[in-house]
Amino acid sequence: GTAQVEFKRNDDATKAFQQYNKRLIDQNRPMKVEIILDPARIPPPPLSTRVAPAPKQAVTVRQAAPAAGQPRRTGGKPRGKNNKQPTKSAADLDAEMEDYQKAKE
């Protein structure tokens, strides 16, 4: 069966929920207790919270824009021009290594 109980105080409803929800009854079946609130009976928030000035948001610090003609620092890979050097062949790399070894001696 089902039953509907109306409480006048929220504390009493919470206490009943904690005490009886999932309690075993009728051949070891758990009791299901639900709290249903009537939105029409919920008191509105106090006037002081509705009229008070909004809390100040955290101030975000912005960095100044770079001067005209200066590149932006984005922290990522630069875009735009393809400044890639041509890929060197194995023979070119070997020749550079030999020159380096000779200069080192």
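Residue 1 is where the sequence shown starts when you use the UniProt record's numbering, and the numbers rise one by one after that. For every residue, glycine included, the Cβ atom is placed at its ideal position computed from N, Cα and C.
Would you say residue i and residue j are within 7 Å of each other, going by their C-beta atoms?
i	j	result
Phe-17	Val-33	yes
Ile-35	Ala-13	yes
To which residues does DSSP link residue i through a beta bridge?
i	result
Pro-29	Per the sequence shown, the amino acid found at residue 29 is Arg instead of Pro. According to DSSP, Arg-29 bridges with Ile-25.
Out of the options, which one is the CA nearest neighbour of residue i?
i	options	result
Asp-26	Pro-45, Thr-2, Pro-55 and Lys-104	Thr-2
Arg-41	Leu-93, Asp-99 and Asn-10	Asn-10
Leu-37	Gln-101, Asn-28, Phe-7 and Asp-99	Phe-7
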